[in-house]
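In the working numbering, the protein residues as written are 485 to 744. Worksheet for the structure shown next.
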């Protein structure tokens, strides 16, 4: 569904009904995180393209319960399908919409630097190669922005260690509601969200020179999973107000990355 009037990238207001209508036409085909990547990667053509980062899992996690649970593919592709529809409807961005929701790329893919925003699920299981670390460093230093999502507990330690391999000395800094990223499109009023893993969700930023007033390389949704809310936002599994807030965070991340 397309509305006659589209909102500019300024001060929008998104209601529950709008989200429900936008997503009503999407197919409700949820599957286990482990399906093959759908075809459809496209070359950069000026449109905003959602990029999900793919990584190989540690061999020790390729057995038992983990055998088919491909961590980087959690919520794929429905999360990006639904999110892309929302971004298209509420902003002036020209966005690439396709059956797979966007592109799926590894960090060492030279085409990654053409896309300004990338998303990674379950960074606690991320064990990048030296080549991928070099790709990560290049991506961030050339202006790329990463959204880390869907992780808990000690996984923050792994994320910090891998980021420090690319940018020695970097560390996550906890964000509060005053940071501009939470006001770049929607004016988010609180960072309190329903617990996804048990502990309350928190938000962490990785900054150039560890300076929270400077450029942010990446944001981490710790003890949270906004991709889960995107994926099931049209199913009724989660309350509309909860999924709407998850969309607001995602939209703000994209707009912040594109304007800073």
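For every residue, glycine included, the Cβ atom is placed at its ideal position computed from N, Cα and C. Fair warning: this is a prediction, and the values are worked out from it, not measured in the lab.
* To do: Please state if the CB of residue 533 and the CB of residue 599 are separated by a distance shorter than 8 Å.
  => yes
* To do: Over the uninterrupted beta strand (DSSP E) stretch that includes residue 604, give me the two end residues.
  => 601-605
* To do: Flag this pair as touching only if the region 682-690 and the region 658-670 have three or more C-beta atom pairs under 8 Å; answer yes or no.
  => yes
* **Chain-order list of residues whose beta-carbon lies under 6 Å from that of residue 559 (same chain, five-residue window excluded)** => 711, 712 and 715
* Which of helix, strand or coil does DSSP assign to residue 647? -> helix
* To do: Check whether the Cβ atoms of residue 656 and residue 704 lie closer than 8 Å to each other.
  => yes
* To do: Please report the residue range of the alpha helix (DSSP H) in which residue 472 lies.
  => Residue 472 lies beyond the residue range present for the chain, which begins at 485 and ends at 744; the question has no answer from this structure.
* To do: Can you say whether residue 744 is buried or exposed, counting buried as having 16 or more other CB atoms within 10 angstroms of its CB?
  => exposed
* For residue 678, collect the residues of the same chain with a Cβ closer than 7 Å to its Cβ; drop the 5 residues on either side in sequence, then sort them by chain order. => 726
* Three-way DSSP call (helix, strand, coil) for residue 700 in this model -> strand
* Leaving out the 5 sequence neighbours to the left and right, which residues in its chain are closer than 6 Å to residue 603 when beta-carbon positions are compared? -> 536 and 631
* Cα-Cα separation, residue 580 to residue 670 -> 22 Å
* Using the DSSP secondary-structure output, state which residues sit across from residue 538 in a beta bridge. => 590
* To do: On a CA-only basis, which of 644, 578, 540 and 542 is nearest residue 530? Give me that one, please.
  => 578
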